[in-house]
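In our numbering, the protein residues as written are -15 to 351. Quick reminder that beta carbons are idealized off the backbone N, C-alpha and C, glycines included.
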Ligand code: XIL
């Protein structure tokens, strides 16, 4: 059991969570070193290269706050090779340069994803059933980033319950290659990145609804099968797209789930943390607090696990969130740590306090 100590005593319940109650009022505290300096845990966010290149404030902020940066689009197959054979690697390379010059890393996202496969490739795969069409993409994208990238999402969102074999999504990949495509993807990723951490990344694992517990069960079945067959997988990325309309997460269910993943010897990372708001008509302070509460409820559960390697937000500033504005009057969705002017919000303080509780800071480790 990879728990530092009793979970409840560290972080407490949802609303009384020390992560939250220790958080100072937004605006009254300036961050010192940024979240990247606080612990052994990797903190990161997703960004688009075009935003980082034009927005100096964003660039400085991500380099201060993050250990690891995830290209939001630039490594996806439909971005890199929307036309067969015409590779567009420049935006990812520009981002890699900025990040590695600052001594940081990129997290590679994502090698195999039904949603980011270009139309020409889907057609060719269904037509020819040739796995080399997929590995040709691996060959295009992995070697150029071998220095910048030390972890990859190898297979993204393979689970869909309610039909199909073992809760696996009935994607074109399943239709062309059967369930083995997942195993093949990890084996072929490992052949091209011998030292990187290789993750399976999935969404919908956190909620209290039966849909989510079924997804947790199907994910576990898949992970057990992969591990028992010696597939080179290092961990599970748990997408943290929280949605206040869906109600509180299932803390007990998620905790049991993470424990079982840990028991398989796998790491976890919270891979795409953000909060979709529900109530446009309440004061902004309450909105920000609701967002922070939801994040605290998740961190309560995952932080005590030693196999947690990092937390990545899906964006860092509301200005560039992929989530649509909440409403015309309420403006942008406020589900990221920083507002549209890069000012810290309660979600930031929740993250900071949570990271501080995790372990001694890296700098004091070194002393
Ligand atoms: C999203 C990006 O944020 C959008 O800009 C893009 O249009 C679609 O993809 N799960 C994932 C991410 O794994 O790659 C998705 O990113 C969000 C959901």
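Any non-hydrogen atom of the ligand XIL within 7 Å of residue i CB
i	result
residue 169	no
residue 93	yes
residue 333	no
residue 223	yes
residue 47	no
residue 22	no
residue 185	yes
residue 57	yes
residue 378	Here the chain covers residues -15 to 351 and nothing more, so residue 378 does not appear.
residue 72	no
residue 107	no
residue 291	no
residue 154	no
residue 256	yes
residue 317	no
Span of the beta strand (DSSP E) around residue i
i	result
residue 55	52 to 55
residue 259	251 to 260
residue 27	26 to 31
residue 227	225 to 227
Beta-bridge partners of residue i, as assigned by DSSP
i	result
residue 440	A question about residue 440 goes unanswered here, because the residues of the chain that appear run from -15 up to 351.
residue 136	92 and 182
residue 220	184 and 252
residue 315	311
residue 152	143
residue 322	301 and 328
residue 191	233
residue 97	140
Classification of residue i by the beta-carbon crowding that lies within 10 angstroms, buried from 16 upward
i	result
residue 339	buried
residue 272	buried
residue 333	buried
residue 49	buried
residue 336	buried
residue 68	exposed
residue 147	exposed
Continuous alpha helix (DSSP H) stretch holding residue i: start and end
i	result
residue 295	Unbroken run through residue 295 is the beta strand (DSSP E), 292 to 297; no alpha helix (DSSP H).
residue 59	Here residue 59 belongs to no alpha helix (DSSP H), and DSSP marks it neither H nor E.
residue 85	74 to 85
residue 123	116 to 125
residue 362	In the structure as shown, the chain starts at -15 and stops at 351, and residue 362 therefore has no counterpart that could be examined.
residue 203	194 to 212
residue 332	330 to 342
residue 109	103 to 112
Cβ of residue i within 8 Å of any chain D Cβ
i	result
residue 72	You won't find chain D in this structure, because it holds only one protein chain.
Proximity test, residue i beta-carbon vs the ligand GDP heavy atom, cut-off 7 Å
i	result
residue 270	Although the ligand GDP was asked about, the structure shown includes only the ligand XIL as ligands.
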